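Participant: Heads up: the sequence shown at position 84 corresponds to 110 in this note's numbering, and the numbers run straight through without jumps.
Following this message is one structure expressed as structure tokens.
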Amino acid sequence: MREIKFRVWDNVVKKYIDSRYVSIDGLGLLHVAKRVIKDCFRLLNTRKSPWFTIEQYTGLKDKNGTEIYEGDIVKFTHKIGYGWGNNKGDIAEIKYMIDGVSFSGFGFRNNVPLTVNKANKLEVIGNVHENPELLEEK
27 MREIKFRVWD NVVKKYIDSR YVSIDGLGLL HVAKRVIKDC FRLLNTRKSP WFTIEQYTGL
87 KDKNGTEIYE GDIVKFTHKI GYGWGNNKGD IAEIKYMIDG VSFSGFGFRN NVPLTVNKAN
147 KLEVIGNVHE NPELLEEK
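So, in structure tokens, the structure goes:
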């Protein structure tokens, strides 16, 4: 069973909140600095807070051992397979979908499921909050 973890982006201050101030209680509610902001089982951000963006850990790590979270921007260090439309050096964003974790970006025909054997061919190079320019088409 994978570890359930979250990171929280503060939309006002424009930085990630230190994980020491983020917790999940026995009811499954996510607390940031003692304030309930979201039911942690609503993974699709259907009830977005204007103050915070909650991103879940995928349970996977990139080729360097860096944890991969929703909202991360990854770079392919190898081609992951035929038919996906990716090449070495392509960049994609990690997203939670109804049926699991996937990545999408330039050169992909569809959202591609993220699995352990694909994760070790990726490198986290940023996230959508601090590095949005990485997703701009060149």
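Ideal placement from N, C-alpha and C gives every residue a C-beta, glycine not left out.
Remember, it's a predicted structure, so these values are computed and weren't measured experimentally.
Tell me whether the beta-carbon of ILE94 lies closer than 9 Å to the beta-carbon of LEU86.
Facilitator: Taking 9 Å as the Cβ cut-off, ILE94 and LEU86 qualify as a contacting pair.
Participant: Rounded to a whole number of angstroms, what is the C-alpha to C-alpha distance between GLY152 and LEU56?
Facilitator: The straight-line gap from Cα to Cα measures roughly 24 Å.
Participant: Of the residues THR92, PRO76 and TYR83, which one's Cα is nearest the Cα of ASN37?
Facilitator: The shortest C-alpha separation from ASN37 is found at PRO76.
Participant: Compare the C-alpha of ARG28 against each of GLY97, GLN82, ARG46 and TYR42 and name the closest.
Facilitator: Among GLY97, GLN82, ARG46 and TYR42, the Cα nearest to that of ARG28 is on GLN82.
Participant: Quickly, what does DSSP pair TRP35 with across the bridge? List them, please.
Facilitator: The partner list for TRP35 (beta bridge, DSSP) reads TYR42 and THR79.
Participant: Buried or exposed: where does VAL48 fall if 16 or more other Cβ atoms within 10 Å of its Cβ makes it buried?
Facilitator: Result: buried.
Participant: So what does DSSP say about LEU148, is it helix, strand or coil?
Facilitator: Strand, per DSSP.
Participant: Which residue's Cα is closest to the Cα of ARG46: ASN157, ARG33, GLY52 and PRO158?
Facilitator: Of ASN157, ARG33, GLY52 and PRO158, the residue nearest in Cα terms is ARG33.
Participant: Please report the straight-line C-alpha distance between ASP116 and LYS31, rounded to a whole angstrom.
Facilitator: Looking at the two C-alpha atoms, the distance is approximately 27 Å.
Participant: Look at the alpha carbon of PHE78 and the alpha carbon of ASN146, and state the distance between them as a whole number of angstroms.
Facilitator: Their Cα atoms are separated by approximately 30 Å.
Participant: Tell me, please, which residues DSSP counts as bridged to ILE30.
Facilitator: ILE30 is not bridged to any residue.
Participant: Let me check understanding here. Comparing Cα to Cα, which of LYS89, GLY52, VAL58 and ILE43 lies closest to LEU148?
Facilitator: When each option's Cα is compared against that of LEU148, the closest is LYS89.
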